[in-house]
Each structure stands twice: as structure tokens, then as C-alpha cells.
Amino acid sequence: MKVHTEAVQFKADQKLIDHIEKKLSKMDQYFDRIIEARVTLRLENSGQVRDKIAEVRLNVPGDSLFVKESSKTFEASIDNAIPSLKRQLIKYKDKLRNNNSI
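Just so we're aligned, residue 50 is where the sequence shown starts under my numbering, counting upward by one.
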């Protein structure tokens, strides 16, 4: 799976990019046909504590799975997005299995 990371209005350091790739590489154990992952990191100037936004889009055959999380740090935002992505992948995989068995 290819992981594309885009940082909007700031430069992401290599440590953050490595963290994202490490977390998203674990998604292959739930569904092995993920085409690519697109991660958009954004700072929101709202003055709130939870102003680090991470949007993750997984492209799978015939569909796209999307999660948006915000937190104090980008690492925490990614960590919070992973369980939701996992649920969506399992649901997508079950849907494929049920459609193919008919």
C-alpha cells in the first residue's frame, strides 16, 4: 500500500511521517487489497486545544473509506483514527464476502 502524506500550511517532519506510515501499514492485516492511503494534516486556527486535524482516506477496490479526527497532536489524531478505519475495513470486507457468496 502506498501512503501519501500532505501537510497543509506547514512542513511535516520525518518522525511524524514515519509514525503515520507505521500505523497505516497495520491496516494490511485487516484487508490486503488496499490500493493507497491519502493522509491530509491540517492546522485549524480556531484557538482551541484540539486544533490538529488528520484526515485519512483509504482507497480500496470500488470504494473509498474516510476518517477525520482532531486532537492536541497529529500523532494522537492518527492514533484516534485507526480504530475507526479498522471498523470500516472489516465492514467493507464483510460486505464484499456477502456479495460474492450470492
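Each residue gets a CB set at the ideal place from its N, CA and C atoms; glycine is no exception. Remember, predicted model here, so these are calculated numbers, not experimental data.
With C-beta atoms as the reference, is residue i less than 9 Å away from residue j?
i           : j           : result
residue 130 : residue 105 : yes
residue 51  : residue 84  : yes
Taking the straight line between their C-alpha atoms, what separation do you get for residue i and residue j?
i           : j           : result
residue 115 : residue 59  : 22 Å
residue 62  : residue 82  : 28 Å
residue 64  : residue 149 : 41 Å
residue 66  : residue 134 : 18 Å
residue 69  : residue 123 : 9 Å
residue 89  : residue 111 : 21 Å
residue 142 : residue 100 : 33 Å
residue 87  : residue 75  : 15 Å
residue 145 : residue 132 : 20 Å
residue 136 : residue 55  : 24 Å
residue 126 : residue 147 : 32 Å
residue 79  : residue 140 : 10 Å
residue 121 : residue 113 : 27 Å
Is it buried or exposed, residue i, if we count other Cβ atoms within 10 angstroms and call 16 or more buried?
i          : result
residue 57 : exposed
residue 92 : exposed
In terms of alpha-carbon separation, which member of the options lies closest to residue i?
i           : options              : result
residue 97  : 85, 119 and 78       : 119
residue 176 : 122, 128, 91 and 102 : With the chain represented from 50 up to 151, any question about residue 176 goes unanswered, as that position is not in the structure.
residue 77  : 144, 138 and 90      : 138
Should residue i be flagged as near chain C, meaning a C-beta pair shorter than 9 Å?
i          : result
residue 77 : The chain labelled as chain C is not found in the depicted structure, where only one protein chain is given.
Could you name each continuous beta strand (DSSP E) segment of 3 residues or more that falls completely within the stretch 73 to 114, going from the start of the chain to the end?
Entirely contained in the stretch 73 to 114, the beta strand (DSSP E) runs reaching 3 residues are, in chain order, 85 to 92 and 101 to 109.
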